[in-house]
Amino acid sequence: GIQVEQSPPDLILQEGANSTLRCNFSDSVNNLQWFHQNPWGQLINLFYIPSGTKQNGRLSATTVATERYSLLYISSSQTTDSGVYFCAPRGNQGGKLIFGQGTELSVKP
Amino acid sequence: DTAVSQTPKYLVTQMGNDKSIKCEQNLGHDTMYWYKQDSKKFLKIMFSYNNKELIINETVPNRFSPKSPDKAHLNLHINSLELGDSAVYFCASSQTGQGASREQFFGPGTRLTVL
Chain A
64 GIQVEQSPPD
74 LILQEGANST
84 LRCNFSDSVN
94 NLQWFHQNPW
104 GQLINLFYIP
114 SGTKQNGRLS
124 ATTVATERYS
134 LLYISSSQTT
144 DSGVYFCAPR
154 GNQGGKLIFG
164 QGTELSVKP
Chain B
4 DTAVSQTPKY
14 LVTQMGNDKS
24 IKCEQNLGHD
34 TMYWYKQDSK
44 KFLKIMFSYN
54 NKELIINETV
64 PNRFSPKSPD
74 KAHLNLHINS
84 LELGDSAVYF
94 CASSQTGQGA
104 SREQFFGPGT
114 RLTVL
């Protein structure tokens, strides 16, 4: 099956800093989602991005499917950005999402 | 509100008991999923139903039995609960088929603790 690797595993930022989270996957995928799991455990959809670049406020994401990676950019980070960020490509079998191990982000005031 | 909802939010029970978790979506989606998140926050698919038909059944013990009475509901029944079943269980839904985006939306999760 598809292997998904996210980096870095942990990240501590000062409020206002920018960061880039990376997601590598081992095989071709049909699409890819980025989620933010907030400290209350909710999984919040950030991007549905099989290829190309999308922007939503301070966040943007780029997926280069041919090179099997996706990037999530967080600019001007805020304390409310803290939590775990998951990348989840969808493989070709049955529509299941295959989650990476996540990047745990802590933004300090 | 349009959403994926789950009940209960928390479930604390003794080993050996049988329990159920319910999931409902009012997004009009045709496919629903159960995912399990373990204590290390690793998320993994358990089951998927499309229009009430089971399409994904990962290597999950047969103590876990999903049931889909209609395409808006997917319940998870767990028999003879074990300590290792303690986890957060997430329900999700998506629209599949020609031209559909297939983006999955998740419920708030059910935290199951087996004592």
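Which chain is which? The protein sequence lines are A and B, in order.
So the number in the working numbering is just where the residue sits in the first sequence, counting from 1, plus 63.
So the number in the working numbering is just where the residue sits in the second sequence, counting from 1, plus 3.
Glycine residues also receive a C-beta, built at the ideal position from the N, C-alpha and C atoms.
In this text the structure is predicted, and so the values were computed from the model without any measurement.
Taking the continuous beta strand (DSSP E) assigned at residue i, which residues delimit it?
i	result
G154/A	Looking at the DSSP string, G154/A is not in any beta strand (DSSP E), and its letter there is neither H nor E.
P69/B	67 to 73
E106/B	No beta strand (DSSP E) contains E106/B, which DSSP labels as neither H nor E.
Q98/B	Run containing Q98/B: none; DSSP gives neither H nor E here.
V67/A	67 to 70
V7/B	7 to 10
H99/A	94 to 100
S82/A	82 to 88
N62/B	The amino acid at residue 62/B is misidentified as Asn; the sequence shows Thr. Counting along the chain, T62/B falls outside any beta strand (DSSP E), and DSSP gives it neither H nor E.
S138/A	Taken as a continuous stretch (DSSP letters only), S138/A belongs to no beta strand (DSSP E), as it is neither H nor E.
Q40/B	34 to 40
L84/B	From DSSP, L84/B is part of no beta strand (DSSP E); its letter is neither H nor E.
F45/B	Neither: F45/B is in no beta strand (DSSP E) and is coded neither H nor E.
What residues of chain B sit near residue i, judged by a beta carbon separation below 7 Å?
i	result
L106/A	F93, F109
L109/A	The contacting residues do not exist; L109/A stays about 11 Å from chain B at best.
G165/A	K44
Bridge partners for residue i per DSSP, in chain order?
i	result
K159/A	DSSP output for K159/A lists no bridge partner at all.
S38/A	Examination of residue 38/A is not possible in this model, given that chain A is present from 64 through 172 alone.
V15/B	T116/B
E56/B	N53/B
E27/B	S8/B, H76/B
S89/B	BP columns for S89/B are empty, so no partner.
T116/A	T125/A
N20/B	Beta-bridge pairing links N20/B to no other residue.
Using a cut-off of 7 Å between C-beta atoms, extract the partners of residue i located in chain A.
i	result
F67/B	Result: empty, since nearest Cβ-Cβ is about 16 Å, beyond 7 Å.
L30/B	What L30/B touches in chain A: nothing, since even the nearest Cβ is about 12 Å away.
T34/B	G158
L3/B	For chain B, the structure presents residues 4 to 118; residue 3/B sits outside this window and is missing.
K55/B	Simply none; closest approach about 15 Å.
Quick one: which chain A residues come within Cβ less than 8 Å of residue i?
i	result
T62/B	By Cβ distance, chain A contributes nothing, its closest Cβ being about 12 Å from T62/B, past 8 Å.
Could you tell me which chain B residues have their CB closer than 8 Å to the CB of residue i, listed as they occur along the chain?
i	result
V147/A	K44
Could you list which residues in chain A have their beta carbon closer than 9 Å to that of residue i, in chain order?
i	result
I24/B	Residues of chain A passing the Cβ test: none, with the nearest at roughly 15 Å.
Selection of the segment 82 to 114 of chain B by Cβ proximity to chain A, strictly under 9 Å: Within the segment 82 to 114 of chain B, the residues whose Cβ lies closer than 9 Å to some Cβ of chain A are V91, F93, A95, S97, T99, S104, R105, E106, Q107, F108, F109, G110, P111, G112, R114, listed in chain order.
Interfacial residues, the segment 83 to 103 of chain A to chain B, with Cβ spacing under 9 Å: Going along the segment 83 to 103 of chain A in chain order, one finds N93, N94, Q96, F98, Q100, W103 with a Cβ nearer than 9 Å to chain B.
The segment 37 to 53 of chain B / the segment 151 to 170 of chain A touching (three or more Cβ pairs under 8 Å): Output reads yes: the segment 151 to 170 of chain A touches the segment 37 to 53 of chain B.
Segment contact, 8 Å Cβ cut-off, at least three pairs: the segment 139 to 152 of chain A with the segment 100 to 113 of chain A: Yes, they touch.
Validate contact between the segment 12 to 30 of chain B and the segment 73 to 80 of chain B using beta carbons, cut 8 Å, 3 pairs: Cβ pair count under 8 Å is three or more, so yes.
Cβ contact (3+ pairs, closer than 8 Å) linking the segment 79 to 90 of chain A and the segment 123 to 142 of chain A: The count of Cβ pairs closer than 8 Å, one atom from the segment 79 to 90 of chain A and one from the segment 123 to 142 of chain A, reaches three, so the stretches are in contact.
Segment contact flag, the segment 82 to 97 of chain A with the segment 13 to 20 of chain B, C-beta cutoff 8 Å, min 3 pairs: At 8 Å Cβ cutoff, the stretches do not touch.
Three-pair Cβ contact test at 8 Å for the segment 80 to 96 of chain B versus the segment 51 to 69 of chain B: Yes: the two stretches touch, three or more of their Cβ pairs being nearer than 8 Å.
Contacting positions in the segment 124 to 146 of chain A - beta carbon closer than 9 Å to chain B: Residues of the segment 124 to 146 of chain A whose Cβ lies closer than 9 Å to any Cβ of chain B: none.
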